[in-house]
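First to last, the sequence lines map onto chains A and B. The letter at position 100 of the first sequence is residue 100 when you use the numbering used here, and the numbering goes up by one with no holes. Residues are numbered in the numbering used here as their position in the second sequence, beginning at 1, plus a constant of 250. We put the CB at the ideal spot given by N, CA and C, even for glycine. Note that the coordinates shown come from a computational prediction; the quantities given were computed from them, not determined experimentally. What follows is a single structure, written as structure tokens, with notes after it.
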Amino acid sequence: MRELPGALAGPRVVTLGGTEDPLAIDRNEMLRYLGHTGQNIEDDLACRIERVARDVEAHGRARGVFATFPVDASTLDDEGKACIRLTGTVATLRGRDIYRHLKDARWCTVLACTLGMDNERRLRALGAQSPLDAAIYDAASSALIESAVGHLDSMVQDAASAAGLSCNWRFSCGYGDCPLEAQGRLLASLDATRRIGLTVTPTNLMVPSKSVSAMIGVFEGPPRAADAPARCAICRMRASCSMRKRGTTC
Amino acid sequence: MDTLLHKAISGDCHLLFDGGMGTMLQAAGLAAGELPELLCLTNPEHIEAIHRAYVEAGSDVITTNTFGANRLKLDGRATVDEVYAAAVSCARAAGAHLVAADIGPLGALLRPLGTLSFDEAYDAFAEQARAASDAGADLFIIETMTDVLEVKAAILACRENTGLPIFVTMTFEADGRTFLGTSPEVAAVTLDALGVDALGINCSQGPHELRALAQRMLAVTEKPLIVQANAGLPHVEHDCTVFDIGPEEYAAAVRGMVDDGVGILGGCCGTDPRHIALIADVLRGRTPRKREVPQAFTVTSAQALISLPTESRAIAVIGERINPTGKKRLKEALRTRDFDYLVSEGIAQQEQGADILDVNVGLPDIDEVDALQVAGERLSGAVTLPLQFDSTVPAALEAAVRRYPGKPIINSVNGKQEVLDEILPIAARYGANVIGLTLDEAGIPTTAEQRFEIAARIVGEAERHGIPRSRLLIDCLAMTVSTDQRQALETLRAISMVKERLGVKCTLGVSNVSFGLPQRPLLNGAFLAAALGAGLDTPILNPGSDRYMDAVRTFRVLNGEDAGARDYIERYAGWRDPYAKSDDKAIRLPDATASTRVDGNAPSAPSPNSERSIGHFVLTGRKRETAELTRELLNTLSPLDLIDAHLIPALDEVGTRFDRGELFLPQLMASAEAARAGFDVIREQMPASKELDKGTICVATVEGDIHDIGKNIVKMLLDNYGYTVIDLGRDVKPQAVLDAVREHDIKLVGLSALMTTTVPNMAKTIDLLHREAPGTLVMVGGAVLTPEYAEQIGADFYAKDAAESARIAAKVFG
């Protein structure tokens, strides 16, 4: 049985963004978060949105951490249902969707990424001053964390392919039927509070709020469950989603 | 107390802690994310063996395996008492000379950014402190902290529940700050003020990096310094995690720290008994280097340090705007708990150049104990400036100072014995600074000598309570020159006397001097300059006044604080002097900060096809134009007609277009801003009109949920429709919503929840309201809600978006 390559093993802490290598915001994605579906935007407002986006880019820093653990899909959980365990951690992942995502994987890379407390404080400050600027800042920050986690994902993919391994897409707690309750233990397996300052509330929300955690399956052969399903397909909200009604997605 | 411990705390001998515990357990197979503390109960021999290896390597102090042994992390798997009892036993059995009870972070973030309250954190730490003390620990090591507020809760819990010495370390990232933005200087000054026995740095980085951070702490505190570095960075070799700094390199770095003056040493992640044995060799035969740190008046927030060295003439501006006296809008905000308004006042002053913010929320009809505390919490979540708590109610001061993440200023005491006896113990207990006003039972004396006498008495009383002169500011009180023209010079003379003879810094609010005279700011500005010349250190003023800030910035050139006049040149090089004679109208350049402020409604040319109507201006989000036209129309229309026939229909139209997807969210909000500008004009012209009050609505994000963007949008829109909106904020307990409903006689409540995990708390809140306040209607909204879900949890209305919430309100209030 082959050994896990060191570059993938981790835990590896990464800092992204900064004046030398700033993170970029996908403007379309940011506008989509704001509910934009092609409306004509007045010049004043367009400038205002752009100014906030640039501010977020200029000050945006992300801290990320990832580590890779062997996948054990052979055991049952306390309810007698098939589940995924990550060997060497306390994480147990329940639900059909995450099972499908990881059951054929040899390892799972767990990653977490956060824009940190500076972003959170700024969001709070704007919330008190101007709800509009706060809403734009919120959307721009969401787009920025997506960009950061994309970088992290690429690092994982590159490290895997350098070692002749393959990966599938990044799956997060809360997708499909994977409960948010797994969040705390998943982040504990990365020691994410200590390493990147990411905490989880008793209601399983991450603070700072602009944070992402995800799981990527790592395979010795070609990846299984390789294609990310359209997000809506496994979303609990698809029946009532206001974005879908407007012909867009989150 | 143990002799060695006593000597170490006095700085007379070195003390050697142990090294890593968690990394040794992980190397032996502990699962990632597992609680190592439980091993004290399930495998005590293993823990004891690790401790013994450190004792044999030369550790004076053994740290118990209790880093995460708090009720939140143990989560019922064992009691806190059991774990500490077992952990201390392991350490004792290993032959430890001294046993340090380890207390790590709770793992949950405190408010205002997180959801855990200070008091909940305190209770959890107090349970640990008592358990450790009962188990027979010799001291506390509170370690790996990143949040000043959390560490303060831990320190107070240890001090108020036990008599053991307290050592504290915080952990800093590569950028030299903790995750919450605290620098080594802020940490050292704040922890020193809180009266810990030793303080320092651990974890995160290797000894080379931490040495540089330790030097920064050594420069600002005389307390014994602790450093416990990691053995560099971890990497994986053949499925094993190894650290890249070996014992020899580590010990060499430690030698440098000892040379710098670090007294207490040990290791953190990745260090093992080999590292400790070599450090023991380094320390053998040495005693800590004696250090003398220059005295300074220091104030801190979690993110900022204001330091005025005793020997320097550097000054700091205390912003005075958060004070309801004479401010109608702030009074109203405090009564409706609109703390956002207060926070925005704080942010504005920060941008205008204040260094410290005075916070006064005293109104006869509000609960000041609660309000001052909430104001402190909300401000510390949004501004980085240190705070000065200003109140005449000792309980309010204590509540706020206790829960403040930093070393604040208390405003104030005076020469009255009763006041000194009440307030000084609070300043002493929490390491706060305190302002002393030179008045007493007999009132404000008229001569400088008499004021000096009172100042001297205050200094004496403070010292009796253990508060050094470096934590005092004396206010020699500005008197009105129109009443007694000799008074201004007496105040200035008193300042000079206090500074020279008592060696205490001075503060002063200048504006009183001009009362009753025309052009008051002119006189105030001159008095301010004179007072700075006489030695005033911390003027209390409105930083929004360019006149005052000009005096401050120019003085900073004259006193040498603005080195090379760099700031002065940057700000004033292109400045037009308002006194200069010119054909042009003298126009001040806008503040550098103001010009970079995000404000989308900077004047712009009206578009060619613009139609001059309120409807058009609101629809296109034009604040300035809406305000101007409103002002104009008020000449011919009654305010009510203007609202009903222009503003509301415009907002309705915006709502309809938003519904049809012709406008998107930022456009809806920009329209709301424009309408708000119109309403503000109307309110200015007909203040406090009953007719304008359409009803009061209470909004909140439910307990456990921290998302408030959606709720804030609803608040904004409802506000612009003319409702009074009481915003309870985020993470609001059901009982708090009920209390607000009762207090303000609320008919409609808006609740927001963004996550599936927090909807149950929404259901609980609705249930409580319907039971205890029948007749109150509840509308709900948020990403995870659907009409069906809303009905299922008992909501009266489902608002799919902000525009809908305004329609619901119209229905409810008719």
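Please list, in chain order, the chain B residues whose beta carbon lies closer than 7 angstroms to that of residue i.
{"i": "A:Met215", "result": "Here the premise fails: no neighbours, minimum Cβ distance about 14 angstroms."}
{"i": "A:Asp138", "result": "Ile959"}
{"i": "A:Ser189", "result": "Ala282 and Gly283"}
{"i": "A:Leu144", "result": "The contacting residues do not exist; A:Leu144 stays about 16 angstroms from chain B at best."}
{"i": "A:Arg185", "result": "Gly283"}
By the criterion of Cβ-Cβ separation under 8 angstroms, what are the contact partners of residue i in chain B?
{"i": "A:Asp77", "result": "Those do not exist, as A:Asp77 stays about 17 angstroms from chain B at its closest Cβ, beyond 8 angstroms."}
{"i": "A:Asn28", "result": "Within chain B, no residue comes near A:Asn28; the closest Cβ sits about 13 angstroms away, beyond 8 angstroms."}
{"i": "A:Gln39", "result": "Gly911, Glu912, Leu913, Phe914 and Gln917"}
{"i": "A:Thr193", "result": "Pro355 and Gly357"}
Closer than 7 angstroms by beta-carbon distance: list the chain A residues that pair up with residue i, in chain order.
{"i": "B:Gly431", "result": "Met117 and Asp118"}
{"i": "B:Val486", "result": "Gly6 and Ala9"}
{"i": "B:Leu359", "result": "Thr199 and Val207"}
{"i": "B:Ile405", "result": "Going along chain A, no residue has its Cβ under 7 angstroms from B:Ile405, so there is no contact; the nearest lies around 20 angstroms."}
{"i": "B:Asn962", "result": "Gly127, Pro131 and Ala134"}
{"i": "B:Thr1008", "result": "Thr203"}
Throw me the rounded Cβ distance for the residue i and residue j pair, which I believe falls under 8 angstroms.
{"i": "B:Ala698", "j": "B:Arg751", "result": "Actually they are not in contact, since the Cβ atoms of B:Ala698 and B:Arg751 sit about 11 angstroms apart, beyond 8 angstroms."}
{"i": "B:Ile976", "j": "B:Ala986", "result": "Going by Cβ atoms, the distance from B:Ile976 to B:Ala986 rounds to 11 angstroms, so no, they are not a contact pair."}
{"i": "A:Asn204", "j": "A:Leu186", "result": "Not really, about 10 angstroms apart at Cβ, beyond 8 angstroms."}
Please confirm whether residue i and residue j have their CB atoms less than 8 angstroms apart.
{"i": "B:Glu377", "j": "B:Arg302", "result": "no"}
{"i": "A:Ser141", "j": "A:Val56", "result": "yes"}
{"i": "B:Phe914", "j": "A:His36", "result": "yes"}
{"i": "B:Gly354", "j": "B:Tyr304", "result": "no"}
{"i": "B:Ala925", "j": "B:Val868", "result": "yes"}
{"i": "B:Val512", "j": "B:Val470", "result": "no"}
{"i": "A:Lys81", "j": "A:Arg63", "result": "no"}
{"i": "B:Gly871", "j": "A:Asp158", "result": "no"}
{"i": "B:Asp397", "j": "B:Leu366", "result": "no"}
{"i": "A:Val65", "j": "A:Ile196", "result": "yes"}
{"i": "B:Ala678", "j": "B:Gly716", "result": "yes"}
{"i": "B:Phe417", "j": "B:Leu389", "result": "yes"}
{"i": "B:Ala1013", "j": "B:Gly1032", "result": "no"}
{"i": "A:Gln183", "j": "A:Met215", "result": "no"}
Applying a beta-carbon distance threshold of less than 9 angstroms, which residues of chain A neighbour residue i?
{"i": "B:Met1029", "result": "Ordered by position in chain A, no residue passes the 9 angstroms Cβ test against B:Met1029, which lies about 16 angstroms from the chain."}
{"i": "B:Val593", "result": "Arg124, Ala125, Gly127, Ala128 and Gln129"}
{"i": "B:Met1005", "result": "Gly174, Leu180, Thr203, Asn204 and Leu205"}
{"i": "B:Gly450", "result": "Under the 9 angstroms cutoff, chain A gives no residues; its nearest Cβ is about 18 angstroms from B:Gly450."}
{"i": "B:Ala1053", "result": "Simply none; closest approach about 12 angstroms."}
Label residue i either buried or exposed according to how many other C-beta atoms from any shown protein chain fall within 10 Å of its C-beta, with 16 as the threshold for buried.
{"i": "B:Ala852", "result": "Unreliable placement is indicated for B:Ala852, whose pLDDT of 38 sits below 50; the coordinate value is still reported in the next sentence. Exposed: under 16 other Cβ atoms inside 10 Å."}
{"i": "B:Met251", "result": "exposed"}
{"i": "B:Asn452", "result": "buried"}
{"i": "B:Pro772", "result": "The amino acid occupying residue 772 of chain B in the given sequence is Leu; Pro does not appear at that position. Its Cβ having fewer than 16 others within 10 Å, B:Leu772 is exposed."}
{"i": "B:Thr843", "result": "A caution first: B:Thr843 carries a pLDDT of 41, below 50, which makes its placement in the model too unreliable to give a value."}
{"i": "B:Gly710", "result": "exposed"}
{"i": "A:Trp107", "result": "buried"}
{"i": "B:Gly1064", "result": "exposed"}
{"i": "B:Ser857", "result": "Note that B:Ser857 has pLDDT 40, beneath the 50 cutoff, so the model's placement of it is unreliable and the number below is only indicative. Per the 10 Å Cβ criterion, exposed."}
{"i": "B:His957", "result": "buried"}
{"i": "B:Tyr1077", "result": "Outside the shown range of chain B, which is 251 to 1064, sits residue 1077 of chain B, and nothing can be said about it."}
Quick one: which chain A residues come within Cβ less than 8 angstroms of residue i?
{"i": "B:Gly364", "result": "Thr199, Thr201 and Val207"}
{"i": "B:Met395", "result": "In chain order: nothing, as chain A lies at least about 11 angstroms away."}
At 9 angstroms on the CB atoms, spell out the chain B contacts of residue i, in chain order.
{"i": "A:Val90", "result": "Ala281, Ala282, Gly283, Glu284 and Leu285"}
{"i": "A:His36", "result": "Phe914, Leu915 and Pro916"}
**Prompt:** Are there three or more Cβ pairs, one per stretch, closer than 8 angstroms when the stretch 786-806 of chain B is compared with the stretch 602-614 of chain B?
**Reply:** yes
Could you run through the stretch 914-927 of chain B and flag, in chain order, every residue whose CB is less than 7 angstroms away from some CB of chain E? No chain E appears in this structure, whose protein chains are A and B.
| Are there three or more Cβ pairs, one per stretch, closer than 8 angstroms when the stretch 142-153 of chain A is compared with the stretch 108-119 of chain A? | yes
Item checked: Inter-stretch contact at 8 angstroms, needing at least 3 Cβ pairs: the stretch 356-364 of chain B / the stretch 615-623 of chain B -> no
Notebook entry, point to check: How about the stretch 669-676 of chain B and the stretch 718-726 of chain B: do they share at least three Cβ pairs that are nearer than 8 angstroms?
Noted result: no
ask   = Looking at C-beta atoms only, is the number of pairs between the stretch 490-500 of chain B and the stretch 461-470 of chain B that lie closer than 8 angstroms three or more?
value = no
Three Cβ pairs or more, each shorter than 8 angstroms: is that satisfied between the stretch 503-518 of chain B and the stretch 532-540 of chain B? yes
Worksheet item: Do the stretch 961-977 of chain B and the stretch 1013-1024 of chain B touch if we need at least three Cβ pairs shorter than 8 angstroms?
Response: no
Report yes or no: do three or more beta-carbon pairs, one from the stretch 950-958 of chain B and one from the stretch 159-177 of chain A, lie closer than 8 angstroms? no
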